[in-house]
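Single-structure report; data block below.
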Amino acid sequence: MSRILVLNCGSSSVKWRLFDGPDTVGKGLVERVGTGGPADHDAALSEIMSAADLSGLAAVGHRVVHGGDRFSAPTLVTDEVFAAVRDLVPLAPLHNPANLTGIEVARRLLPGVPQVAIFDTAFHRTMPAWARAYAIDTSVAGKWGIQRYGFHGTSHAYVSRRTAALLDRPVEHTNVITLHLGNGASACAVAGGHSLITSMGMSPLEGLVMGTRSGDIDPTIIFHLRRVGGLGVDEIDDLLNRRSGLMGLAGDNDMREIEARRDAGDEAATLAFDVYCQRVKGYVGAYAALLGRVDAVTFTAGVGENSAPVREACLAGLDPFGIAVDPDRNAARGGERVISPDGARVAVCVIPTDEELEIATQTRTVLATT
Ligand code: ADP
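Structure, rendered in structure tokens:
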């Protein structure tokens, strides 16, 4: 019983990976669920079950986006846990319903196999009160569950731990600023292995500029669009979540395209690149101040792992803070690596993230303790 199936259920796709110990023995992506592909999540999971060799399956690990303020650790799914995750749907209407469907179908199709929920928010439950609170009326905030929850926790946890290992340092004594720059993007200040603060907030919309999300904006923009622009709330939601960020500034959410157009002198792409990278730099400075001592800055995810120009621009001019990138090391490709010059006060690292592996690892931890 050494196999763990990891499921990441979206509303129209299911990403899966099968682990035997630390080894990946199968993986796939079932797309267009309900829109031309399999009819529903039942059919999608049946497809996966016939594609994957599930003999000796010890458990299924499910990615769940929102764990609210209840879940601070990976959790064995019981009826009560399932109901609690369902109660969190209003906080994550775009994500939790699909995650729940995945759990529900897996419990039904794989009876007797433990199902474990791994929450994107869990790693951030160590944030102190000042990092969680928004400065609004506490009774209003309390009534509606308004606080910073943070996301990408599985990635920030994995990458910060790998950074300490790469630098041969104890996690407990290592402060890392992790920069998860994918289609979604977030920064996290990790102090001694614990999340101190992160840039995504009550939802994944806050913080860095992303592929299609605005990140930080003045909230008055929303009132203005509503009152003066006459836009509906759902239209504004769509604008900020799906038509903003790189997409809004330059009409494309792929950083490769933005870079190619910028190299060719395109003004919109240049602006998008600058807004994106300067926002990251601002967070690095803010998080350095909050951490007090920074041992490493680590880039991860699609953009962070692959884009040397973005890494260079995000940290340009930070030499006075002991943060610098060596051009040759930055340009070289590879796996886990240090790209700062020898002797730099702060190590700058690139660590490929592996959320599925981290989910499998955390799932095993739950199995070992139940
Ligand atoms: P997701 O958040 O969907 O998991 P990823 O972490 O896979 O996304 O990141 C996807 C993004 O990574 C793409 O939209 C693309 O912009 C960016 N990306 C991938 N390769 C490169 C590259 N070589 N240079 C710049 N950006 C890249």
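The numbering of the sequence shown is this note's numbering, which starts it at 1 and goes up by one. Here a beta-carbon is modelled for each residue, glycine too, at the ideal position from N, C-alpha and C. No experiment lies behind these values; they were computed from the predicted model shown.
Asked                                                                                                              : Found
Thr35 versus Ser46, Trp16 and Ser11, residue with shortest Cα-Cα distance                                          : Ser11
Length-filtered (4 minimum) alpha helix (DSSP H) runs lying within the region 241 to 267                           : 245 to 250 and 255 to 263
Euclidean distance between Cα positions of Pro170 and Ala164                                                       : 6 Å
Straight-line Cα distance separating Glu235 from Arg364                                                            : 42 Å
The ligand ADP heavy atom lying under 7 Å from the CB of Ala301                                                    : yes
Cβ-heavy atom distance, Glu259 to the ligand ADP, below 7 Å                                                        : yes
Exposure of Ser195, with buried meaning 16 or more beta-carbon neighbours within 10 Å                              : buried
Nonlocal neighbours in the same chain, by C-beta distance under 6 Å from Leu88, ignoring five residues either side : His66, Gly68 and Asn96
Test item: CB-CB of Leu246 and Gly201 under 8 Å                                                                    : no
Span separating the alpha-carbon of Ile136 from that of Trp130                                                     : 12 Å
Asn306 beta carbon near the ligand ADP (any heavy atom closer than 7 Å)                                            : yes
Contact between the region 267 to 284 and the region 146 to 158 (3+ Cβ pairs under 8 Å)                            : no
The ligand ADP heavy atom lying under 7 Å from the CB of Arg279                                                    : no
Under the three-state DSSP convention, the category Phe151 falls into                                              : coil
Sequence-distant residues of the same chain with beta carbon closer than 7 Å to Ala308, five excluded per side     : Asn330 and Ala331
Of the listed residues Asn8, Leu29, Ser13 and Ala313, nearest to Val60 (C-alpha basis)                             : Asn8
Start-end ranges of the alpha helix (DSSP H) lying completely within the region 135 to 202, minimum 4 residues     : 138 to 144 and 153 to 166
Cβ-heavy atom distance, Gly182 to the ligand ADP, below 7 Å                                                        : yes
Which listed residue (Met1, Cys314, Ile217 and Ala250) has its alpha carbon closest to that of Gly56               : Met1
Residue burial classification, Thr369 (beta-carbon count within 10 angstroms, cutoff 16)                           : exposed
Whole-angstrom distance between Ala269 and Val338, CA atom to CA atom                                              : 29 Å
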